[in-house]
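**Student:** The structure follows.
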Amino acid sequence: MLTIKSIRETNPVILNVANMVTPQHVADAINFYGGSPIMFTDEREAAGLTNISSGVVFNMGSTNEATLRNVIASGKVANKRGIPVVIDPVAIGATELRQDNFARAAEAVAFDVIRGNAGEIAYLANVNWQANGIDAGNGDGDVVAIAKKAAHRYHCWVVLSGVKDIVTDGETTYCVDNGHPYFQTNVGSGDMLDGILATAIATEHGLKALVRATATFSIAGELAGEKYPNQPASFFVELYNQLATITDEVIDTRMKIHQV
Ligand SMILES: Nc1ncnc2c1ncn2[C@@H]1O[C@H](COP(=O)(O)OP(=O)(O)OP(=O)(O)O)[C@@H](O)[C@H]1O
Ligand SMILES: Cc1ncsc1CCO
Ligand SMILES: [Mg+2]
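Quick note, the sequence shown lines up with residues 0 to 259 if you use numbering that gives the first Met the number 0.
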């Protein structure tokens, strides 16, 4: 089982192609959870940094031609070395450029995990959904079916986040029922989850590790929300405190997961 102790002992280096909005949030989340974050922007060190990493995260939130090259260069090395790749198709429904960029990344790189909200994963599953920019938006599709369809299409694990998080390999599917509405109030909580997931599977590769990491992040948010029930910004700072101090006992007690 993935434990907090094993994550902290492993202290895996997690390489990030970040977006321009939330790199500090992502670095802090990885660091407080027990990983060692590093960001880069120059393609000339993509291979060198991937070589020293145990997990990579590609956030497609503000990609340009240079960052897309970084994703492909790092992803190819990660695939060759068996280093897990997490990709976040931020707002992929919004523009054709985002869709082309994701397709180019998918053509060159095999992903271990796609993590997105319902609007993003619905786009990848070819299911009609009214996404709202970076936010999930509205749709009446079944999120379990959508996540499974995307997992089959890209041959990888999918974590579809929201009020309930769906974690699937396309066959075995778990629903995580923990969380707090203030996650949605804060920009970048999904990006932070990407880093948490990479840190988890860099420590222990498997669907169960992804499920536990997803629940851990949501439980940290529940605890933060209990401390600051009416202060969404304080919630976000407290989320870091909770990530830094959460224990396996608390996770075991509070975790609400079921197979669907
Ligand atoms: N209404 C909610 N209730 C409980 N938990 C939520 C809620 N909305 C989101 N979460 C949690 O927030 C985290 C991020 O998921 P979310 O779907 O908001 O990502 P996102 O839309 O990609 O965010 P961002 O683009 O701002 O980074 C997940 O851990 C998820 O469980
Ligand atoms: C606001 C925003 N724009 C591009 S990425 C990002 C952060 C949420 O992913
Ligand atoms: Mg997002």
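No residue lacks a Cβ here, since even glycine has one placed at the ideal position from N, Cα and C.
Since D41 sits in a beta bridge, which residues does DSSP pair it with?
**Tutor:** Looking up residue 41 in the sequence shown gives position 42. Beta-bridge pairing links D41 to no other residue.
**Student:** Under the DSSP definition of a beta bridge, which residues are partnered with I256?
**Tutor:** Numbered from its first residue, the sequence shown carries residue 256 at position 257. Its beta-bridge partners are V175.
**Student:** What I want to know is whether the C-beta of D190 ends up closer than 8 angstroms to one or more non-hydrogen atoms of ligand 3.
**Tutor:** Counted from its first residue, the sequence shown places residue 190 at position 191. Yes, Cβ of D190 sits closer than 8 angstroms to a heavy atom of ligand 3.
**Student:** Where do the ends of the beta strand (DSSP E) carrying A130 lie?
**Tutor:** Locating residue 130 in the sequence shown gives position 131, counting from the first residue. Taken as a continuous stretch (DSSP letters only), the beta strand (DSSP E) holding A130 covers 129-131.
**Student:** Quick check: does the Cβ of I133 come within less than 8 angstroms of any heavy atom belonging to ligand 3?
**Tutor:** The sequence position of residue 133 within the sequence shown is 134, counting from 1. Correct: I133 has its Cβ closer than 8 angstroms to ligand 3.
**Student:** Buried or exposed: H179, going by 16 or more other Cβ atoms within 10 Å of its Cβ?
**Tutor:** Residue 179 sits at position 180 when you count from the first residue of the sequence shown. Looking at its Cβ environment, which holds 16 or more other Cβ atoms inside 10 Å, H179 is buried.
**Student:** Can you determine whether any heavy atom of ligand 1 sits closer than 8 angstroms to the C-beta of G92, and answer yes or no?
**Tutor:** Here residue 92 refers to the residue found at position 93 of the sequence shown. G92: no, Cβ never under 8 angstroms from ligand 1.
**Student:** Between the Cα of V157 and the Cα atoms of D164, L48, A146, which residue gives the shortest distance?
**Tutor:** Translated into positions along the sequence shown, residue 157 becomes position 158. It is A146 whose Cα lies nearest to the Cα of V157.
**Student:** Starting from the N-terminal side, write out each stretch of the alpha helix (DSSP H) that is 4 residues or longer and does not extend beyond the region 111-151.
**Tutor:** Whole alpha helix (DSSP H) segments, 4+ residues: 117-123.
**Student:** Report whether the distance from the Cβ of Q23 to the nearest heavy atom of ligand 1 is below 8 angstroms.
**Tutor:** Start at 1 with the first residue of the sequence shown, and residue 23 comes out as number 24. No, ligand 1 has no heavy atom inside 8 angstroms of this Cβ.
**Student:** Curious, which full-length beta strand (DSSP E) runs of at least 3 residues does the region 17-98 contain?
**Tutor:** DSSP runs (the beta strand (DSSP E)) wholly in the region 17-98: 35-38, 54-58, 84-87.
**Student:** In the DSSP assignment, what residue or residues form a beta bridge with D164?
**Tutor:** Sequence index remark: in the sequence shown, residue 164 carries index 165 (1-based). Per DSSP, V175.
**Student:** Look at the Cβ atom of I3, then the Cβ atom of T215, and state whether they are nearer than 9 angstroms.
**Tutor:** Looking up residue 3 in the sequence shown gives position 4. Looking up residue 215 in the sequence shown gives position 216. Yes. Within cutoff.
**Student:** Out of A28, N30, G187, N15, which one is the CA nearest neighbour of L48?
**Tutor:** The count along the sequence shown starts at 1 and reaches residue 48 at position 49. With distances taken between Cα atoms, L48 lies closest to N15.
**Student:** Between I82 and A201, is the Cβ-Cβ spacing less than 9 angstroms?
**Tutor:** Here residue 82 is taken as the residue at index 83 of the sequence shown, counted from 1. Here residue 201 is taken as the residue at index 202 of the sequence shown, counted from 1. Contact: yes.
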